[in-house]
Amino acid sequence: MAEDRDTDEALLPAPSRGPASARARVAHGAPPAVTTHAAPELPVARVLVDVPLAHLDRPFDYLVPATMHETVCPGSRVKVRFAGQDVSGFVLERVASSDHEGRLAPLRRAVSAEPVLSPEVARLTGLVAARYAGTRSDVLRLAVPSRHAAVEKREPPAPQPVEVDVTAARQEWTAYAGGGELVDALAAGGSPRAVWSALPGGSWPRLLAHAAAATLASGRGALLCVPDHKDVARVDAALTAVLGKGRHVALTADVGPAARYRAFLAVSRGTVRAVVGTRAAAFAPVHDLGLVAVWDDGDDLLSEPRAPYPHTREVLLLRAREQGCAALLGGFARTVEAEYLLRTGWAREVAADRATLRALAPVVSVTGATDRELERDPHARTARLPRTAYDAIGAGLAQGPVLLQTPRQGYVTVLACDSCRTPSRCPVCAGPLQLRAAHRPPSCRWCGTEQPHWACPICGGRGLRAPVVGERRTAEELGRAFPGVPVRTSGGDRVLSEVEPGPALVVATPGAEPLVEDGYACVVLLDTWLALARTDLRTQEEALRRWLGAASLARPAGDGGRVVAVGDPALPVLQALVRWDPAGFAGRELEERASAHLPPASRLASLSGPADDVAAAVAGLTLPAGSEVLGPVPVPGSDPPLERAVVRAPRAAGGALSRTLVEMQGVRSARKLAPVRVQVDPVGLG
DNA sequence: ATGACCAATTGA
DNA sequence: CAATTGGTCATG
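What follows is the structure, given as structure tokens:
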């Protein structure tokens, strides 16, 4: 598209009413004056300017010069003069006149005619900013990828017609109660909302693809969000199998700016209507959106690490609410947020009955790993493996590959009491202890305090051990315990996506488990006590999610599939694993959260920064009725020292809480005070 | 942010 | 009395 020349702002026509009365002025040394005419129709552009200041987070009106009339359209990029600087912005709309009293400055440049910000996404960015008490320009940065001019100039490929076999889609979903109805409703143009408990095994990408296909059959678009690139690749392949080539697109950040922009344009121009992607794809401008879906919404990869830290699930739910489209939350596990949607009746459950589940799930057992048991067993002593687990591995290896999930990577991370195995914590701040160097006493990883005379508060023991050995060390030890068996590792920056079906030991960290055709003969979950040693709000939910993720890679019980978890069989979270009951667990967890006034039953916001700023920020809030302020308390391990306050409000007052946070940030920004970091419903609150 | 403006404060 | 500094306000 043609790009327009810069405009001299001295040559301002009068504001919007009537034709512009151009005044020429030739300043000494200035470029020769050119008369600027306003666009013949809708001469005013409402522009969202890219400035990071909270109190400037609203549209500003500019005059559209006649030369830019063709190029400037709703959703297009422009450059404008703002507060003496050239800044970029997005045109929200073209209107006939402005409410602004003073004269309007002309747009400085029309960057492109490409409408990259659709009206729906423009509205969504506003809702997300409001919900997370952030600025719209921050959200816009997440929503619209950077421009690549060469890609934009190329002619788009013609949309491919899509033929969908709705009967096949329905067939795939009938394993679930409510599944057939879900597909029917999608295909008929309805907007069902469902929380889907996926059956173990590798069918979920295909089911997501079929849900998308049913939506396309109704003439609408579908948007599928998954946690990582491995998942994108799997759903991508399933969409190709179900829809044929060229009918969908994968949106990921790691493919480079040109490829990313090309995929984005295919969506925004309506060339394709089915999209799979990671968290940034939640903002994809899918035409005629009919379905939003998120897989494994408990995965913290779906939580955006950049301000204002929106979560993919919440972005998609805002979209579904706003556009009245269908919503699907699926996973092996269930988050408390998904459970909440069921409890409030907003979504329906889609789950298989117990008989179907029993047929497809492996047999799950828990085996203790007390020191006494370990002492009786020399193999266990070296490999942290009780006899039961050791035997299950041996039996599994006779049938195929065996997966061992080990909680963390690296050689030594956390210390624990040598006698009772309780993870050792700092008496000052409760942070984990570490050994930083040989011949130094243990020190706290958070506050750095050295603990030369540490004693276990549980049993009084003074010895420390480093019980957590990463996947590489685990692999070495197991290789010795099972000589002759190939050992593969996956974790950290060396992740295997798939392994061969033959007998092998596969050691992986959570989320890095390789796929294997026909499933693992046996899955062993090591050191479950360690995964539960964290003090985070979501520790148990997260542990169960990771265990179910690994367990769902095992063969069905009928094919000999077994899962052995090494841990305390009395723990409810491990009992939920044995019964394969993520729904029941999420239900109990939600009740506990509700009685403790924690999300999702309440809305939380954390404010962090230097102590003075946090105190002033909290004082500047107009808190809704029923809310309370916790803290501020020092943030452990922060240097320079920071403090954090947590504000808690009833869920119904969540909107009011976000509004007062936005207002407070606006006031602070106008007064040139340092911004306080605000996180609404942060994922990892200790 | 940047810049404009006004008022209070400081300096010769 | 002028120069300087600090707060407030607006940014189209």
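For the first sequence, position 435 (counting from the first letter as 1) is numbered 432 according to the working numbering, and the numbering increases by one without interruption.
Heads up, the beta-carbon is just placed ideally off N, CA and C, and yes, glycines get one too.
Minimum C-alpha distance to residue i - residue among the options
i: Q448; options: L541, P438 and C456; result: P438
i: F87; options: P71, R100, P158 and R276; result: P71
i: S487; options: Y387, F479, G508 and A551; result: G508
i: S143; options: E98, V108, H97 and A35; result: V108
i: L183; options: A214, P638 and A206; result: A214
i: L620; options: S605, E660, V632 and E640; result: E660
i: A36; options: R600, S85, T353 and S94; result: S94
i: I390; options: P631, A518 and R542; result: A518
i: R345; options: L354, A352, A335 and P359; result: A335
i: L339; options: L587, L382, L545 and V163; result: L587
i: P631; options: H34, L325, L604 and R656; result: L604
i: G623; options: A653, Q82 and V615; result: A653
i: R674; options: C453, G617, P607 and P633; result: P607
i: V252; options: L240, R244, T275 and V239; result: T275
i: R523; options: A540, E514 and D515; result: Note on residue identity: the sequence assigns Leu, not Arg, to residue 523. It is A540.
i: T64; options: G99, G546, D83 and P103; result: P103
Buried/exposed call for residue i, threshold 16 Cβ in 10 Å
i: V125; result: buried
i: R20; result: Note that R20 has pLDDT 31, beneath the 50 cutoff, so the model's placement of it is unreliable and the number below is only indicative. Exposed, since its Cβ has fewer than 16 Cβ neighbours within 10 Å.
i: R378; result: Residue confidence is low: R378 scores 45 on pLDDT, short of 50, so the model does not pin down where it sits. No coordinate-derived value is stated.
i: V677; result: buried
i: T249; result: buried
i: T309; result: buried
i: L38; result: A quick correction: the sequence has Glu, not Leu, at residue 38. Flag for E38 reads exposed.
i: V48; result: buried
i: C456; result: exposed
i: Q406; result: Because Q406 sits at a pLDDT of 46, beneath the cut-off of 50, its placement in the model cannot be relied upon, and the following sentence gives the value as read from the coordinates. Label assigned to Q406: buried.
i: D636; result: exposed
i: A146; result: exposed
i: K76; result: buried
i: H207; result: buried
i: T171; result: exposed
i: R459; result: exposed
i: A185; result: exposed
i: R668; result: exposed
i: Q662; result: buried
i: H66; result: buried
i: P62; result: buried
i: T132; result: buried
Integer Cβ distance of residue i from residue j, believed to fall under 8 Å
i: V148; j: R259; result: 5 Å
i: R190; j: A323; result: 6 Å
i: V41; j: L53; result: About 19 Å; that fails the 8 Å criterion.
i: G651; j: A642; result: That pair is no contact at about 17 Å.
i: R648; j: R600; result: 6 Å
i: A349; j: L196; result: 5 Å
Residue i versus residue j - alpha carbon distance
i: A671; j: A51; result: 12 Å
i: L315; j: P307; result: 11 Å
i: A583; j: Q537; result: 10 Å
i: R270; j: V44; result: 28 Å
i: A380; j: L299; result: For A380, the pLDDT reaches just 46, beneath the cut-off of 50, and the residue's location in the model is therefore unreliable, although a value from the coordinates is still provided. Those two C-alpha atoms are separated by around 34 Å.
i: P28; j: R105; result: Because P28 sits at a pLDDT of 38, beneath the cut-off of 50, its placement in the model cannot be relied upon, and the following sentence gives the value as read from the coordinates. The alpha-carbon atoms of P28 and R105 are separated by roughly 15 Å.
i: A140; j: R477; result: 50 Å
i: S592; j: L534; result: 14 Å
i: T122; j: D96; result: 23 Å
i: R665; j: V570; result: 44 Å
i: E311; j: L221; result: 14 Å
i: T268; j: R257; result: 15 Å
i: V273; j: R217; result: 15 Å
i: R698; j: V347; result: Nothing about residue 698 can be read from this structure; the chain reaches only from -2 to 683.
i: P679; j: A602; result: 7 Å
i: P553; j: D415; result: 38 Å
i: F79; j: L401; result: 58 Å
i: P359; j: A548; result: 7 Å
i: R74; j: R266; result: 15 Å
i: E117; j: H594; result: 34 Å
i: R422; j: L430; result: 6 Å
Distance cut-off 7 Å: residue i Cβ against heavy atoms of the ligand ADP
i: P566; result: Only the bare structure without any ligand can be found here, which leaves the ligand ADP out of the picture.
Query raised in the report: Is there contact here, the region 568 to 585 with the region 322 to 332, by at least three beta-carbon pairs under 8 Å?
Result: yes
Query raised in the report: With contact counted as at least three CB pairs below 8 Å, one residue from each stretch, are the region 349 to 363 and the region 223 to 234 in contact?
Result: no
Query raised in the report: Using 8 Å as the threshold, is the region 608 to 615 in touch with the region 391 to 399, meaning 3 or more CB pairs across them?
Result: no
Query raised in the report: Taking three-plus beta-carbon pairs below 8 Å as touching, is the region 196 to 214 in contact with the region 149 to 157?
Result: no
Query raised in the report: Should the region 278 to 294 be called in touch with the region 235 to 244, which here means at least 3 C-beta pairs below 8 Å?
Result: no
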